Structures are given as structure tokens and as C-alpha cells.
Amino acid sequence: MSEEKQVTVHITPSTTIAPAISAYEYYMSDQGRSSHTVKAFLSDLQLMQKYFAPDKTLDSITTIDLNSFLDWLQNERGVPCSPKTLSRRITAIKSFFKWLSKNGILPLDPAEKVVQKTVLSPLPKVLNDTETQSALITASSYRRKAKPDVRPYALLFLLLHSGLKKNECLGLHLNHIHLNETDGPTIHVRYPTDANRYKERNLVLPAEWADIFHEYVAQYQPTDNLFPWSPRRLEYILEDISTDSRIGKHISFDMCRWTFALNQYKDGVDQDTIRQSLGVSKIQWRELSNKLGKLAEIS
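Numbering (my numbering), first residue to last: 2 to 300.
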């Protein structure tokens, strides 16, 4: 019996909402959903559960019921519900009932005709080519000060050529870095939990990274983590580069990630290759690729 069938085997049309939500939580975790997604969806579904009577069964929930619940969230609950939060809650409901329908627990999906209210977040800020070069030149200039410091250049260079998230950068260990691979210097992005295993990947960096890495290790002599500092300390380093380069933008991990992705996109790199380099799912890539397309048009 498959894992999915084992999860749903005790759920029937006459089951009440709470046990079904518990089974769905197990399913989401087993599918490798991020802990943030699982937590948010559970909160949304438990809010729905509290709205209905405790003895309300799955097969008694209609599209009208779900729309009434959503109207209550927006207009009667008395707690602000932003468009972004509402959109996520609709997604949670649709995902939950689609799962029930797909597994034969419900013959019809009552959430199928609930209208999704998509909220498009603003386009991310990126560095153009001139700003990127200015930032890198500034970061490199710290290496020639009275007290040389290669750390800003090593950090910025790595982010702009890898698209790493902040937590991924902080999670890099020395044994994740290999300088003698056939394709060039390579970093192995690894996660400690099975739930995020699908995000793991190998990223090839420019040849220059080998010299930067050797200089950095000689100066700072890290023993385990590549960057053994707090997230805030690394953010301060990026802020210092922003100020000293006078580019008028606050460089962040997210800005570097989007700059990397946009450069790949504009260079004509295969979109699935970009997606895999970023470590995102195909569903997440839909919105990301749309934003990259718009950024490419205006850059």
C-alpha cells in the first residue's frame, strides 16, 4: 500500500474535519513541503475547522459553505485579512479538498469552483551590470586596506554567482566546497532534514572563486562553516558595501539571488536549469519566471 493510501485509509466522507486535517498534515510533511508551508496551511485549515460545527462531516461541506467562510474572514471576523493572506488561505483550502477528491474520499471537490484571488507581489529589486561591477570593485578594495579584509568580496562574489539563499549560505561547510571538479569550482548545497532534500544541488562557480576561497581561508582560517558569523553580521557587510559603493541600493541576500537569476535568464540559460540552480519547485518557478520575464523587459 502506498504512503498516500496509508494516510487516507481511515478517512471517509463521514469523517469530521479535524481528523482529515491531521492526515493532511502527515501527507504534506511526507511530500517534502517546507515547515513554513505546513505550519501556514494547518493554521488556515484549523481556522476553517473552527468556523464550522464540530460535527460537520467532509461530505456535507459545499462550495457555498466555503465561500461563506471566506466572506466571514474578510468582513465579519474582525481581524484584518490582507489580500496576500486571503490568497494563501484559499490555496490551502483548494489544496486540502483537491487531495481529498484525488484520493476518492469525496466524489466532488467543493473547493474547485471557489475563486482564487491571486496577489502578485511587487517586482524584486536587482542590481544592473554597472551597479554590480561597482559593488564588486568596492568589496574587492577592502582587500587592499591597511587591515586587509577579503570577506566582503568572498561573500558578495559567492552570492552573485550562486543565487544562494541566506540560510543556504550560512549552512555552507568547508567540505561542501570542491575546487578541483571537472567543470570548475563547485559548491554542494546541502540540507540537514529529509523534508528539504529536494532543494539540494551542486553549483558551478567561475574559476576565479578558487583564488578567492584560498585567500579567504588563509585570512580567516574557518574550521567548519564557511561563514561562521550571525546572519545579521553578514547583512551588515552587504550594507557596508552598499554605502561605500554609492549605488543607491541596499544590497541584500535576496537582491543578489534575484540578480543572479536575472543574469542567467537574460543570458538564455535553459529555464529548468535556472530553476534547479535556485532550488525551487516547478510550482514556485511559475511566479518566479513571470517576474524574471518582466524584469528582463525593463532592465
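Positions of the beta carbon are idealized from the N, C-alpha and C atoms, including for glycine.
As the structure is a computational prediction, the values presented were derived from the model and not from experiment.
DSSP places I213 inside the alpha helix (DSSP H), whose first and last residues are E209 to Y221. DSSP, read as helix, strand or coil, puts R78 in coil. Restricted to the region 23 to 90, the alpha helix (DSSP H) segments that are unbroken, complete and at least 4 residues in length are 36 to 52 and 64 to 76, listed in chain order.
The criterion of a C-beta distance shorter than 7 Å is satisfied by P111 and T63.
Bounds of the beta strand (DSSP E) holding I188 are T187 to V190.
Rounded to the nearest angstrom, the gap between the Cα atoms of H174 and S243 is 26 Å. Here P125 really is in contact with W259; their C-beta atoms are around 4 Å apart, less than 8 Å.
At the C-beta level, A140 and P153 come within 7 Å of one another.
The beta carbon of V115 is closer than 8 Å to those of T64, L67, N68, L71, I91, I94 and K95 in its chain, skipping five residues each way along the sequence. A straight line joining the alpha-carbon of K295 with that of P55 spans about 47 Å. Straight through space, the alpha carbons of T194 and Y221 are spaced by roughly 29 Å.
In this structure, S163 and F261 form a Cβ contact; the two beta carbons are roughly 7 Å apart against a cut-off of 8 Å.
Distances from the alpha-carbon of F53 to those of L74, K40 and W286 put L74 closest. V190 and E182 do not touch by the CB rule: their CB atoms are close to 14 Å apart, not below 8 Å.
Nearest C-alpha to P84 among Q117, S102 and W100: Q117. The C-alpha of Y237 lies about 24 Å from the C-alpha of L263. Inter-residue distance for Q32 and G280 is about 16 Å (C-alpha atoms, whole angstroms). Counting the other Cβ atoms within 10 Å of the Cβ of R234 gives fewer than 16, which makes it exposed.
Here the C-alpha atom of F158 lies approximately 7 Å from the C-alpha atom of L137. Residue pairing from DSSP places I178 in a beta bridge opposite I188.
Of the residues S300, D271, E209 and V39, the one whose Cα lies closest to the Cα of W286 is D271. One Cα belongs to A211, the other to K99, and the distance between them is close to 49 Å.
Residues T187 of the same chain have their beta carbon placed closer than 6 Å to that of H179, with the five preceding and five following residues left out of the count. Annotated three-state conformation of L235 is helix, per DSSP. When the beta-carbon positions are compared, Y217 and A155 come within less than 7 Å of each other.
Counting only the Cα atoms, E298 lies some 30 Å from A208. Under the three-state reduction of DSSP, T133 is assigned to helix.
Residue state for R247 is assigned as coil, using DSSP reduced to three classes. In the DSSP annotation of this structure, the continuous segment of the beta strand (DSSP E) that includes R202 starts and ends at R202 to V205. In this structure, the CA atom of S102 is about 16 Å from the CA atom of M29.
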